[in-house]
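Chains as they are written, first to last, in UniProt numbering: chain D, 1 to 493; chain L, 1 to 493; chain Y, 1 to 493; chain E, 1 to 493.
By construction, the Cβ of each residue, glycine as well, lies at the ideal position given by its N, Cα and C atoms.
The structure under discussion appears below in the form of C-alpha cells.
Protein chains: 4
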Amino acid sequence: MSNVLKRQMPPAHPFDDDKLKEECGVFGVVGVANAASVVALGLHALQHRGQEAGGIVTHDPEQGFNSARRFGLVRDNFTDEDTLATVPGPIGIGHVRYSTAGSKGATQIRDVQPFFGEFSMGGAAIAHNGNITNAMALRRELIERGSIFQSSSDSECIIHLMARSMGRSIPDRMEEALRKVEGAFSVVAMTRTKLIGCRDPLGVRPLVLGQLGDGWVLASETCALDIINAKFIREIEPGEMVVITEKGVESNHPFRPAKSRFCIFEHVYFSRPDSILGGRSVYETRENIGRELAKENPVDADLVCPVPDSGTPAAIGYSLQSGIPYAMGIIRNQYMGRTFIEPTESIRNMGVRLKLNVNRALIEGKRVILVDDSVVRGTTSRKIKDMILDAGAAEVHFRIASPPTAWPCFYGVDTPQREKLLAATMSEDEMRDHLGVDSLKFISLNGLYRAVGEAKGRDASAPKYCDACFSGEYPVKPADMLEQGFEMKTAAE
Amino acid sequence: MSNVLKRQMPPAHPFDDDKLKEECGVFGVVGVANAASVVALGLHALQHRGQEAGGIVTHDPEQGFNSARRFGLVRDNFTDEDTLATVPGPIGIGHVRYSTAGSKGATQIRDVQPFFGEFSMGGAAIAHNGNITNAMALRRELIERGSIFQSSSDSECIIHLMARSMGRSIPDRMEEALRKVEGAFSVVAMTRTKLIGCRDPLGVRPLVLGQLGDGWVLASETCALDIINAKFIREIEPGEMVVITEKGVESNHPFRPAKSRFCIFEHVYFSRPDSILGGRSVYETRENIGRELAKENPVDADLVCPVPDSGTPAAIGYSLQSGIPYAMGIIRNQYMGRTFIEPTESIRNMGVRLKLNVNRALIEGKRVILVDDSVVRGTTSRKIKDMILDAGAAEVHFRIASPPTAWPCFYGVDTPQREKLLAATMSEDEMRDHLGVDSLKFISLNGLYRAVGEAKGRDASAPKYCDACFSGEYPVKPADMLEQGFEMKTAAE
Amino acid sequence: MSNVLKRQMPPAHPFDDDKLKEECGVFGVVGVANAASVVALGLHALQHRGQEAGGIVTHDPEQGFNSARRFGLVRDNFTDEDTLATVPGPIGIGHVRYSTAGSKGATQIRDVQPFFGEFSMGGAAIAHNGNITNAMALRRELIERGSIFQSSSDSECIIHLMARSMGRSIPDRMEEALRKVEGAFSVVAMTRTKLIGCRDPLGVRPLVLGQLGDGWVLASETCALDIINAKFIREIEPGEMVVITEKGVESNHPFRPAKSRFCIFEHVYFSRPDSILGGRSVYETRENIGRELAKENPVDADLVCPVPDSGTPAAIGYSLQSGIPYAMGIIRNQYMGRTFIEPTESIRNMGVRLKLNVNRALIEGKRVILVDDSVVRGTTSRKIKDMILDAGAAEVHFRIASPPTAWPCFYGVDTPQREKLLAATMSEDEMRDHLGVDSLKFISLNGLYRAVGEAKGRDASAPKYCDACFSGEYPVKPADMLEQGFEMKTAAE
Amino acid sequence: MSNVLKRQMPPAHPFDDDKLKEECGVFGVVGVANAASVVALGLHALQHRGQEAGGIVTHDPEQGFNSARRFGLVRDNFTDEDTLATVPGPIGIGHVRYSTAGSKGATQIRDVQPFFGEFSMGGAAIAHNGNITNAMALRRELIERGSIFQSSSDSECIIHLMARSMGRSIPDRMEEALRKVEGAFSVVAMTRTKLIGCRDPLGVRPLVLGQLGDGWVLASETCALDIINAKFIREIEPGEMVVITEKGVESNHPFRPAKSRFCIFEHVYFSRPDSILGGRSVYETRENIGRELAKENPVDADLVCPVPDSGTPAAIGYSLQSGIPYAMGIIRNQYMGRTFIEPTESIRNMGVRLKLNVNRALIEGKRVILVDDSVVRGTTSRKIKDMILDAGAAEVHFRIASPPTAWPCFYGVDTPQREKLLAATMSEDEMRDHLGVDSLKFISLNGLYRAVGEAKGRDASAPKYCDACFSGEYPVKPADMLEQGFEMKTAAE
C-alpha cells in the first residue's frame, strides 16, 4: 500500500545527492521532567542522520502512551509547545529517518518510527537504526500467520516478533525478537517505565549512553548528549542490551559473542565532527585522514580547498601536512536549507549555484587541490570541477578522503545500486579522465585504517571495521538482497 | 495510546449537541473511471452521518492500494485534484465517521476508516457502519495471540479476524470473521477487484445497492446514489453478503437467518429526508409522523414552527393535519458551519445566537407549537424555549416526533449514558415542568410504528424495528457493555 | 495592479450564481469591553451580505489602531483568541464584502475594508456599503494631485478626500468628503474615540442603531443586533450622520434634503428574514409577497415547493393563500458550504447535485409550483426545472417573488451586464418557453409595492423605493457607467 | 497603526543576535523571459542582507503590475511555480529586508517592499536599501498636505514625493524626489519598461550592474550576479542614476558631486565573502584583516579557531600570518535555520547549544585564539568563552577583526542604542575583564583601512569610507535622530 507524498518530501540537493546517506538517528531518555523536549533536542542534534521525517513517543502515568510523527525537520515540527504538550511524560524515545528499506517510492507517515505495539502486559515503542537483512522472509512468515503490517518498514518485523513471543516481560520479548533478526541494528525502545537500548552482535551502528541529572539517555552519537548538557558515560557494546529504569542501568549480552565490526564510514562522513567515536573526536580523525591522504598522494599546488562542508576537516589536515595554504574557494549559501525548489526548467540547469558559489577572485589562475570525503556516482564532482574551471583555475586536483566506494551498503545506509557506483566500473585513472581533472587520488584502505587509529593498517584476516562498501566483504550475509539477485564479490574481484 | 487532537475536532454545536449521533456512513464503487471522485461525492451526500473525519481507499492495477484519511468535512478535504490523484483506480471505498466506540477521548487519524490489511493472498480494506458489541472480548483474545492493533476502533477486530482466518479467499475470510462478530454492522469492503457489502443478520443499519453505468455502487443511503446519478436497485437484505466484480453481483447469506430489526430512528432523524427507506421517502414518513403527532396530541395555537432543520417535515405534517399555519419562527444562520469557535467567555453565553435567531416580529404575542424530532438531554429544548419566550410568545407547546428516548443505543449511535437521558429519569409531566413549557407531548411508540407504515402499530411480541432506545428491548445482547456494568431493563420497567 | 488570488476565492455556487449579490455589510461598536469580539459576531450575522472577505479595525488607548483582514468567512477567520487579541480595544468597526466595484478580476487583501488613513489630527477607519457612482472621476482627479491609491476600491476615494480636506475634525472632513461623493452609501467609521454612521441622502442601503449595555452599535441589519442581544433603537435616517461617543449620539443632516428611496430588493432577497425593515419582519413581508403572487397568478397544482432557501417564505405565503399544500420537494445539502470544489471535469457536470437533491418519491407524478425569489440569467431555473422533471413531476409552474429583473444595479449590488439579464431581452412568455416550464409568472411591481405595505401600489410620479433593477428608473445618475457607455432607459422603453 | 505579528517573525538567534544587521538587499532585472524567477534567485543570493521578509513586483504587457510579498525566506516563499505565476513578465524588482526604520515593533506585510504607486503617467515600484535620515520631517509634511501613508517605512516617502512631483516622466519624478531625501540609499525601481538604479551621493550602500544575455541586472552584491550566471559589468557610482531599457543603459548624475564614503563594515561583515567589492573578493579582504590583526596583536597559542561562520576568513588569515594551526573548535549545527523555537523555559537556558557545539576532544588543554568579526553588546562573546572553558581550554584569547563598535549606524543598519554598545562604555581592558578572557584585542582603524587596501591607513582629514560606527564621524547629519535626542560626538571624545 504505497502512497503519493512526493510533494512533501525534501527535494534532492544539487550536491548532497551524491553522498551515501545514513538512514536513521535514535534517541531515548528516562527520568526527566519533560522527556519530549529532551528528545526533540537530541533529535535536532542527530538531524544529519535523517532529514525526511521524525517521531517521538512518550509515556505519562496519567495520559498513557502518546506519539507525534511528522515529515520534515525537528526544528520545524517538534519545538512548539502545542506539539510537545501532546507527548507528555518522563520517558520518551525518538527517531529521525532519511528513507526506508521498505517502500521504494515515497514514505508515508505510518512508516515514520518509533513503532508502537500493545501487548498483553502493556505497550512498547521501538526506534531502529540499521537494516534487517532478512526482513523479507520474516515479513512473509508473519503475514502468513496473521500479522497485519501497518508500514513498509523492515523495522516493523521486530514489533510483530515481540507480539508473538511467549516472553513474560517486554525486554524478554525484545531479546527473543532480536535473536531472529539478522543485519545491523541499534535499537532504542521503551515500555511504560523502562528505557531499553541494544546493538547487534557486530555493533555496526553506533549507540552511546549518557547521564542527565538523575535520568539516563541513549543516543546515536555523543553530539546529542552535548546539546542537552548530558554527561557521556560510554558506548553501548556490540551485542549488549541495556534495560534502564529509575533504579539504574542493567546490562545483558543476549546474543552469541562476535568480533566488533563498526562501520568505518561513520568516521569518514556519517557522524558529526564534534561527536566522539572510539575515544577521539571525529573531527581529529578526519584531519588525520587528510594528513594521511597528503602523505600518500602529494601534489604541487597553490591552494587546498574543501568541498563544503564535509570535506573541510580533511582539507585542513591536507593543508597542515603539505604546507599548502588552506582557503575557502567554494562558498556555501547558508540559507539553502533543504526545501529550495528550483523555480523553472530553465533555471534548474543553473541549479548548483543555488547552494554553492566559487570565490572567483581567489581561484583565478591558481592550481587548486579540492578535498572531498567520497565519490559515489561522481555527478557532483564533475559539477564542482566545472565551476572551478569556469572561475579560471589553472589546475584542479581531486583528493578523496575515503577509498573508492565500489559496493553498496545493506546495513542501514542508502546507496545506489552497484552499477551506479563510479568505482564499481572504473579504475582510478578512468575516473580521473571521466571527471576531467588534472589528477584524482583516493586514500588507500590501509591509509584509512591508519587514520582511524590502526597503526598497522587493515588486518585482512580479521578487519576491525565493516568496510564492505570499499572491500565488498560483507560481515553479515545480505539474505534479502541475495534473494533479489545481488551478486556477492567473487574470488576474482 | 490516546492522543490530543481536541483542537482539530469540530466544536460542540450549541444545538446539535443534544441529538443522538449516527456514527458512520459507508460507500463503495467498482467499475468506474475514477473511483475516488465518485466515493468523495457519495461521502459528501452521507456527511450528515459523520462529520469528524473521512477516508478513502482505492486500488489501481499499476499503483496498488492507496489511501487518504483526513479530519474534517469531505468538501474541505477530498475535492481537490491533488488529493484525489493520490488515490487512483477504478475501485474504491470510503467512510465518514462521527466518533468511535473505542477511544473515549479524541480520535486519532489512525482510527479513521477504511482499515487496510495485507494478507497472503493480497490486500483488503473495510469500512464499517455500526458497532460490534463483543469487541472488547475479541480484542483481548487477538492481542493475547500476537495481533497488533493500530487503532482504538472496534471495527479493527474484523481485519485481524480476517488475517487469522484459514479461508482461501478474502470473501471467505470476511464471512468467517463476521460470523464471530456480534452487534450491528453494515460493512463495505474491497479487494483488488471485488467490492463487497454485508449487513448483519438483523439488518440494523442500512445499506443499498445502485448501478452507475457499467459499475456498481454500495451506500448507506439512496441520497448518495442520487448525487452521482446512479440508479437505485435495491436494499441489501439483512444477513446478506454481496460480492461484486465487473461480471456482476453475487449474493450470499452466510449467517443464521433472523427476523429483520431495522433501526427505527433512521426514519426519525438519522437518514436524510430525500433518501428512500422501505420504498418511501424519509420526508414523507416524517410528515406522517407530524400528522400522527397532531392526531395524538392536538392543541389550540396560532403557529406551528419547526426547530430547524430536523423538525421541519414533522412540523409541516402537524400543520397540514391540524390546520394551524406553518411558519419559520426560528431562523438558522446558514454560515454557522461546524467550526465556529465562540470568541470569549462572556460571548460564549450568548452562544445559541450564533446559530439560531428567533423571528421576533412574527412570534410576539402568539401561541406557538414547536415541533422537534427528539429530546435527549433536554438542554437544547430549554434554550429554545427561552429564546421564544424572550421574543414575546404567549404560549409555547413542544411536540416531539419520537417517543421519549430512555435507553442508550449500542448499535453504532452515540448516546449519552442512561442517567443523562431526560426520559430515563422523568415522566412526561416532569419533563414539561423541567423545560418550563405550557405543554410537552411525545408521539407514542405505536403512533411512530403507524407513521412508518405499520397500520396496526407495534407488535410487542415481534417488533419489526429495533426500538431499544425507546423500549429498552435490545435485540442483540450488548456483551461489552454488560461487562462494564450496564444494567438491562428489568421486568418491572 | 491586479493580483492572481483566484484560488483563494469562493468557487461559484451551482445555484447561488444566478442571484443578485449584495456587496457588503457594515458594523461598528463603541463602549464595550472587547470591541473586536462584538464586531466579529455582528459580521457573522451579516455574512449573507458578503462572503468573500472581512476586516476589523479597532483602537486601543495603549496599542493604537490595529487591523485584521482576511479572505473567507468570519467564523473561519475572526473567532480564535489569537486573531482577536491582535485587535484590542473598546471601539471597532468591521466589514464583510462580496466583491468590489473596482477590480474586475480577483480581489486582493488590500481591497478588503475597513480602510485606514492617518491624518494630521489622528487616524480614522471607514467601512462602506454601497457604491460611489462618480468614483472614476474622483480617482483620476486625486491621482493627478498626488494621492497614491492602495486599492482598486471606489470606497478608497472617501479616505483620500478626507486627507485633502481642510476640516479640523475627522467628522468635519468626512462630511466634506461625502458631499463630493455621488451614489449610494451607508458608511460606518471610527476615530480613536468616535463611532460615526452615515447614510446617503436617498437612504438606498440600510443602517440601524442599537444599544448594548452602555455602548452603542451600528449595523446594516437588525439581525446583527439580535446576535449580541443589543436593543434595536431605530434606523439611521436617509441623509443623517450620527457621531457617537461615550456621551451619547449626536445627529446631523449634512446633505441637501431628499425623498427616501430605499432599495426594494432588500425586502425581496438581500436582508435576512429575521431582520426588521420598516417596522416589520422581512419574513412576513416575503410571506406577503407569496400571498400577493398567489392572488395575481393562481394555478391548479398539487404541491407548492420553495427553491431553497430564499424562496421559502414566499412559498409558504403562496401555500397559505392558495390552500395548496406546502412541501420540501428540493432538499439542500447542509454541508455544502461555499468551498466545495468540483473534483473533475466529468463530475462537474453533475454539479448541481452537490448542493440540491430532488425528493423523488414526493415529486413523482405531481403538479408542482416552484416559488423562487427572482430570475436573473435564468441558468439556475433551467437546471432546477430539469431536476424536477427528471424526478417525474407531471407539471412545473414557476412563480417568482419579484418583477422581471431587467436593469443592472449601480448602487452596491453585483449584477450582470444588462444583456445577460433574461428579462432584458425576453417577454414573460418567451422566458417561459426558454425555461421550458408549463407556466412562469412574476409578481407585478404594483403587487410588490402592496406586499411591502404600500396599499395603493407604486406611485409612478414619486416611487417610495429604488426599484431601478425592475423599472430602469435610476434615482442617482450613474456617472461612471454612462462614461463607459451604459445607455439609460429611453422614453420608448 | 501597528500590528501584532510577532509569532510570524524569525526568533532571535542565540548568537547572531549580537551582530549589526544589514537591513536590506535589492535586485532588479529587465529583458529576460521570466523576470520573477531571476529576481527570486537574486534575492536568495542576497538573503544574508535580510531574512525577515521579501517582495517581488513585476510588469507584464498584458497583465500589468503584480506583486507578491511574504514573511520568511526566499526559498520558502518564492520558488513554487504557483507563486511565481502570479508575478509574470519580462521586468521585475525585488527586496529582502531585516527590519524597518519605521515601526519599532513588528513588521506588517504592508511594510514589505517594493512599494508601488500609480501616477498619472503610469505605475512605478521602488525597492530601497539604506535609510532616509530626514524621513520623519518629510512624512509630517506629506501627511499635512493630504498624502495617506500605508506603511511605517521611511522608504514610502520616496513614492509620495514622486506622486507630488510635477515631473513628466517617472525618472524625472524620481530624481526630484531623491534630491529631497537625505541619508543613504541604493534604490532599484521600475516602470512598465524601465529599470532604474540610483545610489546616494556618498555611495554608502553598494549597488552593482550586470548583464544577463540581452538583459540587464542591478543588485546589491556581485554574488547575486553569480547565482544567475550574469556578467559583472561595474559598480553603480556614488550619486549615479542609471535608466535601463531594452536599448541599453543611460547614466545620469543628478546630485551635487561628493566624495565617496562607502560603508567599511560591508567589507568586515555585511557582504558575502564571495562578492567582489572594489575589485577584490571580500574573502581575501577578510583574510587580510586576519593577517593585519595577527601582526598588530600576536599571542602565543596552540590553535586559531573561528567563531562560525563569519569569523572564518579572518581566522584563516590570522593562522597563515602567525603560523599557529587553524582548527574548527566550534561546530555549527547546519540544521539550525532561523525558525527554531526553544521548547520550554528550562531548555531555553541551554539555548546556544541548539546552534553551536564545542569540539571538546580538540579543545581540551589547549590555548585557543578565537577570531570573531566584531563585538557589539558582547553577550555572545561571553557565552562562547563559557563553552570553550567548559570544554577544558587552557587559555582563551579573543581577536576581533574590526575596531571597537562604539557608535550606532543611521544609514540602513540595525544597531543597538549607543549605551548598549560595549565599546561605548568600556575600554579594551575593561571589555577583556568583562568577558573574562585571557586577552582581547581589536584591529585598529588604521589596520582595517590597510587591510581594505589603503596602504597608508586612514586619512583623518578625508577618510575614504564611512566608518561612523567606529569613529563617531557621521558623513550625513542624522536629522531625525538628532530631533529625537541623539547626541553627536563632541570634540572631547
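Query                                                                                                                                                                         : Result
Helix or strand or just coil, what does DSSP make of E:Phe270?                                                                                                                : helix
Any chance the region 178–185 of chain L sits against the region 474–483 of chain L, with 3 or more Cβ pairs inside 8 Å?                                                      : yes
Between D:Glu118 and chain E, is there a C-beta pair that is closer than 8 Å?                                                                                                 : no
Which runs of the beta strand (DSSP E), 3 residues or longer, sit entirely within the region 315–399 of chain L?                                                              : 330–332, 356–358 and 367–372
Taking a cut of 9 Å between CB atoms, which residues from the region 48–80 of chain L lie near chain Y?                                                                       : His48, Gln51, Leu73, Val74, Arg75, Asp76, Phe78, Thr79 and Asp80
For E:His44 and chain D, any beta-carbon pair shorter than 8 Å?                                                                                                               : yes
For the region 306–326 of chain D, enumerate the residues whose C-beta is nearer than 9 Å to any C-beta of chain E, in chain order.                                           : Asp309, Thr312, Pro313, Ile316, Ser319, Leu320, Pro325 and Tyr326
Could you check where the alpha helix (DSSP H) with E:Lys295 kicks off and where it finishes?                                                                                 : Val282 to Glu296
Go through its chain and collect everything with a Cβ distance to Y:Ala127's Cβ below 6 Å, but skip five positions before and after it.                                       : Val26, Ile93, His95, Gln113, Pro114 and Val188
Locate the beta strand (DSSP E) running through Y:Pro306, then write down its first and last residues.                                                                        : Leu303 to Pro306
What residues are listed by DSSP as bridge partners for D:Gly412?                                                                                                             : Per DSSP, none; premise fails for D:Gly412.
What would DSSP say about residue 521 of chain L, mapped onto helix, strand or coil?                                                                                          : Look at the range of chain L in this structure, 1 to 493, and you will see that residue 521 of chain L is not part of it.
By the criterion of Cβ-Cβ separation under 7 Å, what are the contact partners of E:His160 in chain Y?                                                                         : Ile148
Using only alpha-carbon positions, find the residue among E:Glu419, E:Leu43 and E:Tyr269 that is nearest to E:Val29.                                                          : E:Leu43
Which stretch, first to last residue, makes up the alpha helix (DSSP H) that contains Y:Val39?                                                                                : Ala35 to Ala45
At a CB distance below 8 Å, what residues from the region 351–363 of chain L approach chain A? Give them in sequence order.                                                   : Included in the structure are the protein chains D, L, Y and E, with no chain A among them.
To the nearest angstrom, how far is it from the Cα of E:Ile148 to the Cα of Y:Leu138?                                                                                         : 16 Å
Going by beta carbon distance, what residues of the same chain come within less than 7 Å of D:Ser471, once the five residues before and after it are set aside?               : Leu445
Which residues does DSSP pair with E:Ser251 in a beta bridge?                                                                                                                 : E:Val242
Name the chain E residues that come within less than 9 Å of D:Arg367, Cβ to Cβ?                                                                                               : Within chain E, no residue comes near D:Arg367; the closest Cβ sits about 17 Å away, beyond 9 Å.
Any beta-carbon of chain E closer than 8 Å to the one on Y:Arg164?                                                                                                            : yes
Drop a sphere of 10 angstroms on the beta-carbon of L:Asn359, count the other beta-carbons inside from all chains shown, and report buried for 16 or more, exposed for fewer. : buried
Check whether the Cβ of L:Ile143 lies closer than 8 Å to any Cβ atom in chain D.                                                                                              : yes
What are the residues of the region 197–226 of chain E that lie near chain D, defined by any Cβ-Cβ distance shorter than 8 Å?                                                 : Cys223 and Asp226
In three-state DSSP terms, what is D:Arg164?                                                                                                                                  : helix
When burial is assigned at 16 or more other CB atoms within 10 Å of the CB, is D:Thr425 buried or exposed?                                                                    : exposed
Given this structure, state the Cα-to-Cα distance separating Y:Ala230 from Y:Asp372, to the nearest angstrom.                                                                 : 32 Å
Is it true that the CB of Y:Ile400 sits closer than 8 Å to the CB of Y:Cys305?                                                                                                : no
How should E:Pro404 be labelled, buried or exposed, when 16 other C-beta atoms within 10 angstroms of its C-beta is the threshold for buried?                                 : buried
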